[in-house]
Every structure is written in structure tokens, then in C-alpha cells.
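With positions in the sequence shown counted from 1, the corresponding number in the numbering used here is that position plus 531.
For glycine and all other residues, C-beta sits at the position ideal for the given N, C-alpha and C.
Note that this is a predicted model, so its numbers are computed, not measured.
Worksheet: the structure to be examined is printed underneath.
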Amino acid sequence: MDNWVAQVAALTRPDRIQWCDGSDAESEALNALMQADGTLVKLNDKTHPGCWLHRSDPDDVARVEHLTFVCTSEQDDAGPNNHWMSPADGHAKVDALFEGCMEGRTMYVIPYCMGPIDSPLSRCGVEITDSPYVVANMRIMTRMGAPALARIEREGERAARGERIDTFVKGLHSTGELDPNRRFIMHFPEELTIKSYGSGYGGNALLGKKCHALRIASHQARSEGWLAEHMLILGLENPQGEIHYIAAAFPSACGKTNLAMLIPPQGYLKDGWKITTVGDDICWMRPGADGRLYAINPEAGFFGVAPGTSKQSNPNALASIQSNTIFTNVGVTADNQPWWEGLGEGEPVTDWRGEPYDATKRPAAHPNSRFTVSARQCPSYSHESENPAGVPISAIVFGGRRASLVPLVFEARDWTHGVLVGAAMGSETTAAATGAVGVMRRDPMAMKPFCGYNFADYFSHWLSFDKAGAKLPKIFHVNWFRKGDDGRFLWPGFGDNLRVLEWMIGRVDGKAGAVETPIGNLPTVADLNLEGIELDEEARTKLFGFEKSGWQAEFASIGEYLDEYGPRMPQALKDEQQRIAAM
Ligand code: SAT
Ligand code: MN
532 MDNWVAQVAA LTRPDRIQWC DGSDAESEAL NALMQADGTL VKLNDKTHPG
582 CWLHRSDPDD VARVEHLTFV CTSEQDDAGP NNHWMSPADG HAKVDALFEG
632 CMEGRTMYVI PYCMGPIDSP LSRCGVEITD SPYVVANMRI MTRMGAPALA
682 RIEREGERAA RGERIDTFVK GLHSTGELDP NRRFIMHFPE ELTIKSYGSG
732 YGGNALLGKK CHALRIASHQ ARSEGWLAEH MLILGLENPQ GEIHYIAAAF
782 PSACGKTNLA MLIPPQGYLK DGWKITTVGD DICWMRPGAD GRLYAINPEA
832 GFFGVAPGTS KQSNPNALAS IQSNTIFTNV GVTADNQPWW EGLGEGEPVT
882 DWRGEPYDAT KRPAAHPNSR FTVSARQCPS YSHESENPAG VPISAIVFGG
932 RRASLVPLVF EARDWTHGVL VGAAMGSETT AAATGAVGVM RRDPMAMKPF
982 CGYNFADYFS HWLSFDKAGA KLPKIFHVNW FRKGDDGRFL WPGFGDNLRV
1032 LEWMIGRVDG KAGAVETPIG NLPTVADLNL EGIELDEEAR TKLFGFEKSG
1082 WQAEFASIGE YLDEYGPRMP QALKDEQQRI AAM
């Protein structure tokens, strides 16, 4: 590691190098530094102790998928789902930008561990950055500092003794000039290396998150026989005290954080149902000795979307972010409290760009404004998140935003069908990435922006888990976002989504009913507990119905999508698509 740090220093020429130990003293000193130069603004210390506001450059507020590259020796290994550059070109392109970019600045070296320090499922990385804001966020989002460094050194010794072991992922980051024309997020999966230049935004700059835990890890997972997925993990405890763990994949800004922290509706609460939160964004899963899939959350914090978070929509998230939280690009009230659209109380006076709030000009909070907070501050935090063995997964859920066609929930017949359901996922785009919002695109398993290799190979890898001795989770698809003819949402969502989770667990336990349709098993209205909510005729028909002609068109489009991947697409998946398309 020392060699690599020295090489990076020779390239970037920082004035100082600081190895981060993750201590409180280090964090306080960095916060003071950022407060002094205006990077962080202290929020109201009475209402929000330990909370900070960061305003990013207005051109640097979301992931930049068009500037994100996967650099593999063979272009086909990156697949049509990624932008590609050869490793030599990729290095040359960014190294030219990194040359001398840290002159006059401090270079921070952040050793981190994704997952519990003592878990065999965890993997380590080192991020080198010139951004103290990145250090502060990585401190919340990962297990960072001395314990991670110790694990990396232990693994380094084992590798030196000849064990086949990937010691750590190398990540190099600089905020650079924040010029969108000089911005690249480069991945070199074959070298376990990331180079990110020109952005300070979460998904582009906190390299442990999407760059490592999804793009690089998905590549590692494929060669080592596990899965790195864009999924929340929750524990669902029924009145008998039995806990089922559910992993669910939704595209960015489609409610993963809300579902992970769900508070049961009144009747369920009374009966003793409970949700515990293991993770809200990323899930690493591996088959255990008993054939089940065991999952860890590689992260230690939440980097959640602020707008829309309220006492009604997500009381657990709101409770989590009352202290020790970094807010990025939210508005503030007259008494210096953080504010965003949908908070439901208070009034903004300053918007996310630091200008007087003017509703006719722009929203107070950027639509992709975020909070960064330790998972331990969440009232529903599951202590199983620290279990080195992970938690056994009973159900996998795929879902997207679909205004039409797609019913509230259905169950895949078997694993192969479930993989197709994931592969065919579509969703309307959100503000989490730059570009048009609300356009339907295929986003297989919510991994379109995050899979570090060819989707065709990725689906083959998924299919390979179905083997003798495997006790795989059941797979479901949900759509909380179905709209009526007048444009209103037909399903209340939020806490009421528990009704759907209960049905899923009923299916896992062989207790709940369903009807078979070509797209999978659908509950009837009677199979779901709908006590206490009103659904009119249109809602019942659209949420629980199978619309044959619409699905025929959908399956034709799914077939075309799979064909875009050519002969690498696994035949088993194409056969499944054709079987259903013939409905
Ligand atoms: O910016 S992140 O990629 O970390 C959040 C998201 O888009 O899911
Ligand atoms: Mn995400």
C-alpha cells in the first residue's frame, strides 16, 4: 500500500499527506477546517446538534452516468450496459487530469472496510482523496480508519504468504476543478482500481459506495460466487416473533430508504409486527452451508434523499437525522434548521444554493439533496447488521416506478423466472442521476448504472445460483407507483406496503393464496390484508389485474431488450421470455 500511496503522491503532488485513523479528534479537526473555509455550515445546534450543511457546486449534484466508465481489456466484458474505454486509454485520460492536481492541498488516505470488520463477507478498500468532505462522509458511510487498516495489513500478510486473496480496492479521487468537461468516474475491475476526477458528489466521490460496493464488487462477486446488489435489507418480524429477512432492489430515489425503515400501520402495530433495518442501498449475498443466501450490508450509514422525508413518510429516517448528520444541498429556515420540500413543517428562507428562497425560481432543496447519517442512529436499526455471518434472505423483491400496466405485486414461479423478472425491470428515471426525469428505461435489478460487467454475463451468474442443495429465496416484483386514469397514485404506499410484505412472507411459508397468470402468481384482493384502507374499483382492477394485451407488448419489448446483448445472453433467459411472450 505504501508504494501505491507514494506513486499517487508523486503524480498528484500534494503539500501534505494525512493517514485517516477515524478518531473523534481527527473528525473534529476536519470539521473545524471545513467550517473555516465555508465547506460546512453549522446548523442549529439546539435542534440539530452535530449537524452540518454542505452546498455543492450547482453543476455537481448527482451521479454522471455518461461520464462513468468501465475499463476492461475486452470491450465485450463491460457490455452494452456500460461506457467502455481500454484500461490504457482510461488511465491515460484521468492520469493527465490528476497530474499535479493536489498542489497546495492535503491528500487524505482513508482505509475502509465494507461490511463488519470481522466478517468473511466484507471487503476492504483505500480511498485517496483531496476532499475533507469526502473523508467526513466516508467516516459515516463505512467502517473507516485504524480497524480497517489493521484488517488490510492482516490480509496483506496472508497474500504475501501466497494465499489467493484480494487485499484491497484502490480508489483515487480528486474534486479537481469541478468542471463537467473535466470529470470522469473510471473503473478498472481487473485491477480492483477506481479513479474519479472532477466531482464531489456522493455516488461519484464516496468511492466505497457505488464505485466499490457495486461496480468493482459485482465483478469480484462473479469470480468468487457471490452477489453484490443494489438492494435494501430489512427484517420483518411477525406477531409470533419469527423474523424473515427481505432484500429489495429499486432504482435510486424510488423509496428504498422508506421501505427499509417502514413503520407498520396501526392494526399491524397493535398486533406486534415490526420492521428492523439492516441496510437501505447495498446488499452483498453469498450461499451459506445450509444452501440459503446470507446477506450483509457493506455500508455503515445512510446517504438518503432528503425531499419527501417527513414524520408521515419516514419517521425513522427523520428521527435518525436530528443529530450528527451531514446535509448536502438542502434549504435552511430562519433559525438555521435544515429544510426540504415535503418536510411538512417550518419554512425555508435560504435555498440550496445559498440564495434567498424564492419559490418561483427554484425549490429550497435540490431534488437530489441528501443526508448522511450513521445507521446506528436509526430507531429501527437491526443489530444483526453487525453479524459477521450475515442474515438469511427469505425473499428478493424487484420494483420500479411504473405508472401503468404493472400490478401491485406478483411472485415469480421459480428462480429462472425470477431472474427474468429482475432482468426485465423497467422504471421511470429520477433526479439521482443527471438527465431527463420520468422517462421509462430498462433498469435490470436496479443495476443499470452499477453493474461492473456485461449484463448478459451478470444474468448467467444469477442463474448459476440455482443448483443442487440451494435453498433460494422466493422472488417477487412490486410497483408502488401505479397511477389511475386521473394521474393519482392508486396505492397508499409507505407503511401500507407492509400489507404486501406480509403476503410475500405468507407465500414463503406456504400460507397465502395466489392465482397463476402468465406473468407470475398474483394475489387476489382477498389474499391481502386490506383492513383499514379504501380501494375503489379502478384501484382494485389495476393493482390486482393482469392486462393481457399490455403485457404482450411489454414482453415483445423485453425480448428486443435481451437481444441487444447478442449471443452472450443466456439461452435459458431467452427461452423463459419466449415462453411467457406466447401467453
Ligand atoms: O449518489 S448515490 O449513487 O450514492 C445514491 C444513488 O443514486 O443511489
Ligand atoms: Mn442507491
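- Beyond the five residues adjoining it in sequence on each side, Ser905 comes within less than 6 Å, by CB distance, of Ile671 and Gly832 in the same chain, given in chain order.
- Membership of Ala778 in the beta strand (DSSP E) is indicated by the continuous run Ile774 to Ala780.
- A direct Cα-to-Cα measurement between Ile648 and His579 gives close to 30 Å.
- Shown here for Met638: same chain residues with a beta carbon closer than 8 Å to its own, the five before and five after excluded, namely Val539, Ala540, Thr543, Pro545, Arg547, Ile548, Gln549, Ile659, Thr660 and Asp661 in chain order.
- Judged by DSSP secondary structure, Pro846 falls within the alpha helix (DSSP H) whose first and last residues are Pro846 to Ser851.
- In this structure, DSSP gives Pro838 a state outside helix and strand, which the three-state scheme calls coil.
- DSSP places Tyr643 within a strand segment (E or B) once states are collapsed to three.
- When rounded, the separation of the alpha-carbon atoms in Glu721 and Thr603 is 7 Å.
- Fewer than three beta-carbon pairs drawn from the segment 784–802 and the segment 739–749 are found closer than 8 Å, and the two stretches are therefore not classed as touching.
- In the displayed model, Leu824 falls within a strand according to three-state DSSP.
- Remark: three or more beta-carbon pairs, one from each stretch, lie closer than 8 Å, so the segment 1063–1075 and the segment 1017–1025 are flagged as touching.
- A Cβ-Cβ contact shorter than 8 Å links Asn845 with Thr788.
- Counting along the chain, Ser958 sits inside the beta strand (DSSP E) bounded by residues Gly957 to Glu959.
- Asp812 has its CB nearer than 7 Å to a heavy atom of the ligand MN.
- Counting other Cβ atoms within 10 Å of its Cβ, Met1114 stays below 16 and is therefore classed as exposed.
- 8 Å or more divides the Cβ of Lys979 from the Cβ of Phe834.
- Setting aside the 5 residues that flank it on each side, His614 is surrounded in the same chain by Phe600, each with a C-beta closer than 6 Å to its C-beta; the list follows chain order.
- In this structure, the C-beta of His761 approaches the ligand MN to less than 7 Å from one of its heavy atoms.
- Cβ atoms of Cys814 and Gly931 stay farther apart than 8 Å, at about 17 Å.
- For Leu790, the enclosing alpha helix (DSSP H) has its first and last residue at Lys787 to Ala791.
- Here His897 is near Val592, since their CB atoms are less than 8 Å apart.
- In this structure, Trp883 lies away from Asn867, with their beta-carbon atoms at least 8 Å apart.
- Within 7 Å of the C-beta of Ala963 there is at least one heavy atom belonging to the ligand SAT.
- Taking a cut-off of 8 Å on C-beta distances, the segment 669–683 does not touch the segment 939–947, as fewer than three cross pairs fall below it.
- Residue pairing by DSSP places Ala987 in no beta bridge whatsoever.
- DSSP places Val940 outside any alpha helix (DSSP H); the residue lies instead in the beta strand (DSSP E), whose first and last residues are Val940 to Glu942.
- Counted as a single uninterrupted DSSP element, the beta strand (DSSP E) harbouring His585 occupies residues Trp583 to His585.
- The segment 798–809 and the segment 760–775 touch, with no fewer than 3 CB-CB distances between them shorter than 8 Å.
- The continuous alpha helix (DSSP H) containing Leu564 extends over residues Asp555 to Asp568.
- A heavy atom of the ligand SAT is found nearer than 7 Å to the CB of Lys740.
- By the Cβ test, the segment 1010–1018 is not in contact with the segment 988–1000, since fewer than three Cβ pairs between them sit closer than 8 Å.
- In the three-state scheme derived from DSSP, where H, G and I count as helix and E and B as strand, His897 is classed as coil.
- For Ala977, the closest C-alpha among the options Met956, Thr965 and Met971 is that of Met956.
- If only complete runs of 3 or more residues are kept, the segment 979–1027 shows the beta strand (DSSP E) at 1005–1009, in order along the chain.
- Of the candidates Glu830, Arg1038, Asp626 and Gly1015, the residue whose Cα lies closest to the Cα of Val937 is Gly1015.
- In this structure, Phe834 has its beta carbon less than 7 Å from a heavy atom of the ligand SAT.
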